[in-house]
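Counting in my numbering, the sequence shown runs from 1 upward without gaps.
Glycine is no exception: its CB is placed at the ideal position from the N, C-alpha and C atoms.
Before any comments, here is the structure.
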Amino acid sequence: MSEGEVVEQLVEFTNILMVAVSLIFSIVSAYIVALNYFIGSANFLARLGSFLFITLILGLLVATMMGAQSTHVGLIARLREIDAAGDLSAAGRAILANATSADVRGDGFSIDSAIRTFVWVGLAFVYLALAYLTFLHRWTPDAIPVSIEQRPAR
1 MSEGEVVEQL VEFTNILMVA VSLIFSIVSA YIVALNYFIG SANFLARLGS
51 FLFITLILGL LVATMMGAQS THVGLIARLR EIDAAGDLSA AGRAILANAT
101 SADVRGDGFS IDSAIRTFVW VGLAFVYLAL AYLTFLHRWT PDAIPVSIEQ
151 RPAR
């Protein structure tokens, strides 16, 4: 695999990551709306079923992201091979610098590692928040009740 192909695949990996994050936002938003209008007032068994369903969906996304992360590691390893041969261009060196621990701060935490950590910690936080909202939060009806009343004829 040439350097150009590796760089192209790494850019595509970034696109996949952004799509996965936006998909998580969409799924979680739809679930919270469902909690507000339907699930929040349902019995325990319905809540459990809903939570198991959202767990399945998020689990599938996590499995996909883990596969993409594994592919990312392989692509970075290929860039290291090209670098060891002395054939790495400036673009390849920049991408390799993002993926290795030789970052600006010098704390051994690469930009790619930081992004990966933020995504996993954020997903764990969202999952725990969904568990709380599903099982512990007491959902109340809308604060402003809406009713349709007939007006007297003029």
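Proximity to residue i [Cα-Cα], best of the options
{"i": "S113", "options": "R151, S22 and L96", "result": "L96"}
{"i": "L58", "options": "G122, R151 and P152", "result": "G122"}
{"i": "G4", "options": "A124, M18, A99 and L75", "result": "L75"}
{"i": "R47", "options": "E149, Q150 and L130", "result": "L130"}
{"i": "M1", "options": "L88, Y127, F118 and L23", "result": "L88"}
{"i": "A77", "options": "Y31, G49, I115 and L10", "result": "L10"}
{"i": "Y31", "options": "N98, Q150, V126 and P152", "result": "V126"}
Exposed unless 16 or more other CB atoms sit within 10 angstroms - verdict on residue i
{"i": "G92", "result": "buried"}
{"i": "L60", "result": "exposed"}
{"i": "T64", "result": "exposed"}
{"i": "T134", "result": "buried"}
{"i": "F51", "result": "buried"}
Evaluate the contact criterion for the segment 33-43 versus the segment 81-91: three or more CB pairs, one atom per stretch, below 8 Å. no
In chain order, which continuous runs of the alpha helix (DSSP H) of length 4 or greater are located wholly inside the segment 25-86? 44-84
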